[in-house]
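S.K.:
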Amino acid sequence: MRGAPAKSSIRAAATTVSSNKAILAMSKSGDLGGARKLFDEMPDRDVISWNSVMSAYARHGMHEEVLRMFKQMLKRGAVEPTHTTLATVFSSCAELRALAEGRQLHGLSIKRDSSSNAFVGTSLVTMYSKCLVSDCSLLRAFEEVYWKSTASWNALLSALIRNRQLLRARQVFDRMPARNCISWTAMIDGLVQGGRLAEALELFHSAPMKNSVTWAVMLRGLVSEGHFRDAIRLFNKVMVEKNQREQSSSSAAVIVQVVAACLGLEDANCGRAVHGHIVKLGFDADPAIEASLISMYFSCLEIEAAELEVLKLGCSRSTGACNSLIRGYVDNGRIDEARKVFDGMEKRDEISWYLIIQGYLRNNLVDRAVDLFSTMTSPTVRSALVAEARKLFDDMPDRDVILYTTLMSGYIRKGLLEEALKLFKMIPNPSIVTYNVVVSGLILHGKAREAYNLFNGAMISGLVRGGLASEAFLLFRSMMFASAQGNIRPNEPAIASILSASAGLSALAPGEAIHGIAVKLGHEPRLLTANSLINMYSKCGQVPAARSVFDRAQNRDLISWNSMLYGYAVNGCGAECVELFEKMKCAGTEPDDVTFLAILCACARPPVGGSSALPRCDEI
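Put into structure tokens, the structure is as follows:
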């Protein structure tokens, strides 16, 4: 009888092991539903059971499920997480940019003495880098790793490169006790992206190991900087070196860069030679390479050769190949042929729409461009095409008010009023037609009060921009009177505009009164109002009040930082300006020209009353 419990325990363990194997097999075959069902039905689960399902979710990009399962695992307390568990969850936090959960997990890993593990530490560094935290946090996380593998060093290196800290990245690269191909490629890529091409090329030639990615990175750097001949010479070199031929020249990524170099040179003979090499390697059916070849032939004015390539593809031509054909026709002024290709495409992406619409605009056929764009947002098309229209719109380098208004109109017709209002806030200079569309949309959806509010806000903004501050104040007072009657409430743009008027006049008393109204209406912590308040208080010489608003502002952006830096600078608070600049860098906000102008102003302006130490510009 005493042996019965032992036998039962052995049978349960055997069942768990066999179930774990089945879960692993199901997850590898892509049957996540079956794996999860089996997991839920298991009477006894060990840590391998949990890890198997979480790893399967992570491999298939279901990172929310990973976090959900991990929380269940901790809540039940039946098993202890292992290094594999923590590394998997860190990776999911990285993909979700879930910094808060990642930091909690970091605390747990320290408590369990797991962060010193190379596997966990590598995932921890990657998580912090993808969440764009400061370099200080990255280095602290890296130093926690007791046994630093090459993978750990590579994670830190990639993180610093991702955060554009090339100097520190190079220092880490030089300190690495051992480097592999990933290390060399990452550093070369970082230098290429940072515009340090000569240094990248020197490092490339000194690299003892290279793979197809290394070659593609270096070739892309040369091509992007216009060194097309050098790119061709580098490719010829790898073709001569027989021992590197298979691993380098047989990469589609490498071939695409070589074709791009021929395109840049507009050298048809060079392009044909590369084309022959592509056929020998069997890459002529690769969609990316085929699209590159079509673009290259068009660039060399070999239009018949480009058309021949498309004819060879027949019905199997890819979206990329068609897009290259459209681009070629547009560049050569043959917009009607481009439209025929566009109309004949089985599947279009946002690039297809962008190319043909931009083609019309480049040929001064604005009406046809707007008509085509309107078809993406018309009531008769599927709603998904409206989303494609937004993608197209976001990718357009030149957006005018007509395109903004057209897309907004499409949103309103589809009942997507919130999306239309978000887009409206992005328009730098709305036209009367734009305001009519939005006001009509608000009324159509039963929001007459908001429509009236928007109209008055637009009037105030226009008066302020026109230098009619007194008239703007009068209209604002009438809005406040209407607000007291319960009819209307000034919106955030109206508050921000009238604050700008106060700042322009250095009128502190009205500005403080409007600040009180903003607080009462719940606008003060919001970014637009907060930035306007910082600007107003700074121009009125009230730096402590500006800093108080800055500290309370929600989701500070570059304008917030620049406004506060400017406030310190013009009011003679040089040391405070530089101190805030250091905090800005640690927060991960990228400075711009306005930022550095404020810093230079702080360095040049003497401290107020000698109370602030003047910093040296070369120490910044």
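According to UniProt numbering, the stretch in the sequence shown is residues 1 to 620, in order. Each residue gets a CB set at the ideal place from its N, CA and C atoms; glycine is no exception.
Taking residue 198 as part of the alpha helix (DSSP H), name the residues at either end of that continuous run.
M.R.: Counting from one through the sequence shown, the residue named residue 198 turns up at place 198. Note, residue 198: alpha helix (DSSP H), 197 to 206.
S.K.: Please classify residue 573: does DSSP put it in a helix, a strand, or coil?
M.R.: For the purposes of this step, residue 573 is taken as residue 573 along the sequence shown, with counting starting at 1. In this structure, residue 573 counts as coil in the three-state DSSP scheme.
S.K.: Please state whether DSSP places residue 270 in a helix, a strand or coil.
M.R.: In the sequence shown, the residue the question calls residue 270 occupies position 270. Residue state, collapsed to three classes: helix.
S.K.: Which term fits residue 539, buried or exposed, when burial requires 16 or more other beta carbons within 10 angstroms of its beta carbon?
M.R.: Walking along the sequence shown from the start, residue 539 turns up at place 539. Under this definition residue 539 is a buried residue.
S.K.: With distance defined between alpha-carbon atoms, name the residue in 180, 506, 495 and 501 nearest to residue 517.
M.R.: Against the sequence shown, residue 517 aligns to sequence position 517. Of 180, 506, 495 and 501, the residue nearest in Cα terms is 495.
S.K.: Do the stretch 317 to 336 and the stretch 345 to 357 meet, that is, are 3 or more Cβ pairs less than 8 Å apart?
M.R.: yes
S.K.: Go through its chain and collect everything with a Cβ distance to residue 338's Cβ below 7 Å, but skip five positions before and after it.
M.R.: The count along the sequence shown starts at 1 and reaches residue 338 at position 338. Scanning its chain for C-beta atoms nearer than 7 Å, with the 5 sequence neighbours on each side dropped, one finds around residue 338 the residues 326, 329, 330, 356 and 359, in chain order.
S.K.: Suppose contacts are defined by Cβ-Cβ distances below 8 Å. Is residue 169 in contact with residue 187 by that definition?
M.R.: Position 169 of the sequence shown, counting from 1, holds the residue named residue 169. Position 187 of the sequence shown, counting from 1, holds the residue named residue 187. Contact annotation: residue 169 and residue 187 have beta-carbon atoms nearer than 8 Å.
S.K.: Hey, quick one: how far does the alpha helix (DSSP H) through residue 531 stretch, first residue to last?
M.R.: Here the question's residue 531 lines up with position 531 in the sequence shown. Note, residue 531: alpha helix (DSSP H), 527 to 539.
S.K.: Pop quiz: residue 550 and residue 564 are said to be a contact at Cβ under 8 Å. What is the actual Cβ separation, rounded to whole angstroms?
M.R.: Position 550 of the sequence shown, counted from the first residue, corresponds to residue 550. Position 564 of the sequence shown, counted from the first residue, corresponds to residue 564. Contact holds; Cβ gap of about 5 Å.
S.K.: Could you please give the first and the last residue of the uninterrupted alpha helix (DSSP H) stretch that includes residue 54?
M.R.: Counting from 1 along the sequence shown, the entry for residue 54 is found at position 54. First-last of the alpha helix (DSSP H) with residue 54: 47 to 59.
S.K.: When you compare each of 595, 588 and 589 to residue 577 by their alpha carbons, which one comes out closest?
M.R.: Residue mapping note: residue 577 aligns to position 577 of the sequence shown, counting from 1. Of the residues 595, 588 and 589, the one whose Cα lies closest to the Cα of residue 577 is 595.
S.K.: Would you mind reading off the limits of the alpha helix (DSSP H) that contains residue 589?
M.R.: Taking the first residue of the sequence shown as position 1, residue 589 is located at position 589. Premise fails: residue 589 is in no alpha helix (DSSP H) and is neither H nor E.
S.K.: Going along the chain, which residues of its own chain have a beta-carbon closer than 7 Å to the beta-carbon of residue 555, five neighbours each way excluded?
M.R.: Translated into the one-based positions of the sequence shown, residue 555 becomes position 555. Closer than 7 Å at Cβ, skipping near neighbours: 527.
S.K.: Determine the DSSP secondary structure at residue 185, reduced to helix, strand or coil.
M.R.: In the sequence shown, the residue the question calls residue 185 occupies position 185. Residue 185 falls in the helix class under three-state DSSP.
S.K.: Short check: CB of residue 218 to CB of residue 259, under 8 Å?
M.R.: Indexing the sequence shown from 1 puts residue 218 at position 218. Indexing the sequence shown from 1 puts residue 259 at position 259. No.
S.K.: DSSP three-state call for residue 552: helix, strand or coil?
M.R.: As a working mapping, residue 552 is identified with position 552 in the sequence shown. Residue state, collapsed to three classes: helix.
S.K.: Spatial neighbours of residue 23 within its chain, please: C-beta separation below 8 Å, excluding the five flanking residues on both sides.
M.R.: Locating residue 23 in the sequence shown gives position 23, where the first residue counts as 1. Same-chain partners within the cutoff: 35, 38, 39, 49, 52, 53 and 56.
S.K.: Which residue marks the beginning of the alpha helix (DSSP H) containing residue 328, and which one marks its end?
M.R.: Indexing the sequence shown from 1 puts residue 328 at position 328. Where residue 328 is concerned, the enclosing alpha helix (DSSP H) stretches over 319 to 331.
S.K.: Would you kindly report the start and end of the unbroken alpha helix (DSSP H) that includes residue 227?
M.R.: By one-based count along the sequence shown, residue 227 stands at place 227. No alpha helix (DSSP H) holds residue 227; DSSP gives it neither H nor E.
S.K.: Would you identify the three-state DSSP class for residue 82, choosing helix, strand or coil?
M.R.: Taking the sequence shown and counting its residues from 1, the one referred to as residue 82 is at position 82. DSSP places residue 82 in coil when its eight states are reduced to three.
S.K.: Classify residue 117 as helix, strand or coil using the three-state DSSP reduction.
M.R.: As a position in the sequence shown, residue 117 is number 117, starting the count at 1. If DSSP states are grouped into helix, strand and coil, residue 117 belongs with coil.
S.K.: Does the Cβ-Cβ distance between residue 318 and residue 291 come in under 8 Å?
M.R.: Within the sequence shown, the letter at position 318 stands for residue 318. Within the sequence shown, the letter at position 291 stands for residue 291. The answer is yes: Cβ separation under 8 Å.
S.K.: Residue 603 by DSSP, collapsed to three states: which one?
M.R.: Counting from one through the sequence shown, the residue named residue 603 turns up at place 603. In the structure shown, residue 603 sits in a helix (DSSP, three-state: H, G or I).
S.K.: Report the rounded CA-to-CA distance for residue 61 versus residue 95, giving the unit in angstroms.
M.R.: On the sequence shown, position 61 is the one that residue 61 refers to. On the sequence shown, position 95 is the one that residue 95 refers to. In a straight line, the C-alpha of residue 61 is about 8 Å away from that of residue 95.
S.K.: As a quick exercise: from 268, 342, 213 and 269, pick the residue whose alpha carbon is nearest that of residue 255.
M.R.: Translated into the one-based positions of the sequence shown, residue 255 becomes position 255. Out of 268, 342, 213 and 269, 213 has the C-alpha closest to the C-alpha of residue 255.
S.K.: Note down, in chain order, each residue of its chain lying with its Cβ closer than 7 Å to the Cβ of residue 228, except the 5 sequence neighbours on either side.
M.R.: Here residue 228 is taken as the residue at index 228 of the sequence shown, counted from 1. Only 261, 264 and 265 meet the Cβ criterion.
S.K.: Among 583, 64, 408 and 568, which has the Cα closest to the Cα of residue 102?
M.R.: In the sequence shown, counting from the first residue as 1, residue 102 sits at position 102. The candidate whose alpha carbon is nearest that of residue 102 is 64.
S.K.: Report the residue from 59, 47, 42 and 19 whose alpha carbon sits nearest the alpha carbon of residue 28.
M.R.: Residue mapping note: residue 28 aligns to position 28 of the sequence shown, counting from 1. When only C-alpha atoms are compared, the closest one is 59.
S.K.: Quick check on the burial criterion: 16 or more other C-beta atoms within 10 angstroms. Buried or exposed for residue 249?
M.R.: Here the question's residue 249 lines up with position 249 in the sequence shown. Reliability of the predicted coordinates at residue 249 is poor, the pLDDT of 45 falling under 50, and the value obtained from them is presented with this limitation in mind. The residue in question, residue 249, is buried, as its Cβ has 16 or more Cβ neighbours within 10 Å.
S.K.: For residue 165, which three-state DSSP category applies?
M.R.: Taking the first residue of the sequence shown as position 1, residue 165 is located at position 165. The answer is coil: DSSP assigns residue 165 none of H, G, I, E or B.
S.K.: Are the beta-carbon atoms of residue 575 and residue 601 separated by less than 8 Å?
M.R.: Numbered from its first residue, the sequence shown carries residue 575 at position 575. Numbered from its first residue, the sequence shown carries residue 601 at position 601. Result no, Cβ atoms of residue 575 and residue 601 do not sit closer than 8 Å.
S.K.: Any idea what DSSP makes of residue 283, helix, strand or coil?
M.R.: The residue labelled residue 283 in the question sits at position 283 within the sequence shown. Coil at residue 283, not helix or strand.
S.K.: By how many angstroms is the C-alpha of residue 19 removed from the C-alpha of residue 110?
M.R.: Taking the sequence shown and counting its residues from 1, one reaches residue 110 at position 110. Taking the sequence shown and counting its residues from 1, one reaches residue 19 at position 19. Looking at the two C-alpha atoms, the distance is approximately 32 Å.
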